Amino acid sequence: AQSVSQHNHHVILSEAASLELGCNYSYGGTVNLFWYVQYPGQHLQLLLKYFSGDPLVKGIKGFEAEFIKSKFSFNLRKPSVQWSDTAEYFCAVKGSSASKIIFGSGTRLSIRP
Amino acid sequence: GAGVSQSPRYKVAKRGQDVALRCDPISGHVSLFWYQQALGQGPEFLTYFQNEAQLDKSGLPSDRFFAERPEGSVSTLKIQRTQQEDSAVYLCASSPHTVADTYEQYFGPGTRLTVT
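Keeping their order, the protein sequence lines are chains A and B. To get the numbering used here, take the position in the first sequence, counting from 1, and add 95. To get the numbering used here, take the position in the second sequence, counting from 1, and add 7.
Printed below as a string of structure tokens:
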């Protein structure tokens, strides 16, 4: 079955710490991969996406993610987090010609000032 | 408008009532999606429209759920005879592309439905 697993339900870090949020997916065929972020009280918004090409994708606010096809993974990273990164982060996958995006259950990131 | 808007933002319904949730996508966006997000979970796909055509409704959980987009712009998600398990945030998203193209979706703020 098609699915997305986010291993960490809640991550707590201090400012300036490095971040890596895990994401693994199960999907046959060519995929598009996404990380969405939801800041407190705001809409879901796209952080970064992978469609093809360079598997290391850079997004907004210093975030990046690496697509490792052999591991079915698309982990999100940031070298130095800020308090303003406090949010819920969702990994998602879509088959290249499919209509639905399948989301993971989300990781809540809390940053201690 | 500048983004996807949804109304109402909050809705409380008694079990058994019918509700209608509205989505105004970004002007000119071809694709429109509805998702259901239960507490502590990620959004789950409900249905997809390309213009006025409902091309995928595989995620609708029961025949109590019905969606329409009659003129290819505004969409309404209707839930008949609401049940407590329908309590969730209902998200709408739109995209300028069809699903056959690579694309991203722009999400609205959601409607929080509580069924008592």
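Note that CB positions come from ideal geometry on N, CA and C, so glycine has one too. No experiment lies behind these values; they were computed from the predicted model shown.
*So, are the CB atoms of A/TYR131 and A/LEU139 less than 8 Å apart?*
The residue you call residue 131 of chain A lines up with position 36 of the first sequence. The residue you call residue 139 of chain A lines up with position 44 of the first sequence. In this structure, A/TYR131 places its C-beta atom within 8 Å of the C-beta atom of A/LEU139.
*Cβ pair A/ALA193, A/TYR134 closer than 8 Å*: Residue mapping note: residue 193 of chain A aligns to position 98 of the first sequence, counting from 1. Residue mapping note: residue 134 of chain A aligns to position 39 of the first sequence, counting from 1. No; because the gap between Cβ atoms is not below 8 Å, this pair is not in contact.
*asked:* Buried or exposed for A/VAL152, going by 16 or more other Cβ atoms inside 10 Å?
replied: The residue you call residue 152 of chain A lines up with position 57 of the first sequence. Burial call: buried.
*Buried or exposed: where does B/ALA100 fall if 16 or more other Cβ atoms within 10 Å of its Cβ makes it buried?*
As a position in the second sequence, residue 100 of chain B is number 93, starting the count at 1. The residue in question, B/ALA100, is buried, as its Cβ has 16 or more Cβ neighbours within 10 Å.
*Checking contacts by CB at 8 Å: is B/ASP70 closer than that to chain A?*
Here the question's residue 70 of chain B lines up with position 63 in the second sequence. With 8 Å as the cut-off, B/ASP70 does not count as an interface residue toward chain A.
*Rounded separation between B/TYR55 and B/TRP41 - CA only*: For this step, residue 55 of chain B is matched to residue 48 along the second sequence. For this step, residue 41 of chain B is matched to residue 34 along the second sequence. Going by the C-alpha atoms only, they are around 7 Å apart.
*What does B/PRO50 reach in chain A if we use C-beta pairs closer than 7 Å?*
Taking the second sequence and counting its residues from 1, one reaches residue 50 of chain B at position 43. Chain A residues near B/PRO50: PHE198.
*Along chain A, which residues have their Cβ under 7 Å away from the Cβ of B/GLU111?*
Taking the second sequence and counting its residues from 1, one reaches residue 111 of chain B at position 104. What B/GLU111 touches in chain A: LEU141 and LYS144.
*asked:* Within 10 Å of its beta-carbon, does B/TYR17 have 16 or more other beta-carbons around it, so buried, or fewer, so exposed?
replied: Residue 17 of chain B sits at position 10 when you count from the first residue of the second sequence. B/TYR17 comes out exposed.
*How would you write the range of the beta strand (DSSP E) that B/ALA100 sits in, first residue to last?*
Locating residue 100 of chain B in the second sequence gives position 93, where the first residue counts as 1. Element bounds for B/ALA100: 95 to 102.
*Run through DSSP, which three-state label would B/GLY23 get?*
Reading the second sequence from its first residue, position 16 is the one you call residue 23 of chain B. Coil.
_Rounded separation between B/GLU21 and A/ALA111 - CA only_ = In the second sequence, counting from the first residue as 1, residue 21 of chain B sits at position 14. In the first sequence, counting from the first residue as 1, residue 111 of chain A sits at position 16. Before going on, a small fix: residue 21 of chain B reads as Lys here, not Glu. Whole-angstrom Cα-Cα distance: 47 Å.
*Could you list which residues in chain B have their beta carbon closer than 9 Å to that of A/HIS138, in chain order?*
The residue you call residue 138 of chain A lines up with position 43 of the first sequence. Within 9 Å Cβ-Cβ: GLY10, VAL11, LEU98, TYR113, PHE114, GLY115, PRO116 and GLY117.
*Just to confirm, are B/ALA43 and B/GLU51 a CB contact at a threshold of 8 Å?*
For this step, residue 43 of chain B is matched to residue 36 along the second sequence. For this step, residue 51 of chain B is matched to residue 44 along the second sequence. The amino acid occupying residue 43 of chain B in the given sequence is Gln; Ala does not appear at that position. Yes, these two residues count as a Cβ contact at 8 Å.
*Comparing alpha-carbon positions, which option in B/THR121, B/LEU120, B/HIS104 and B/ARG119 lies nearest B/LEU39?*
Your numbering for residue 39 of chain B matches position 32 in the second sequence. Ranking the options by Cα distance to B/LEU39, first place goes to B/HIS104.
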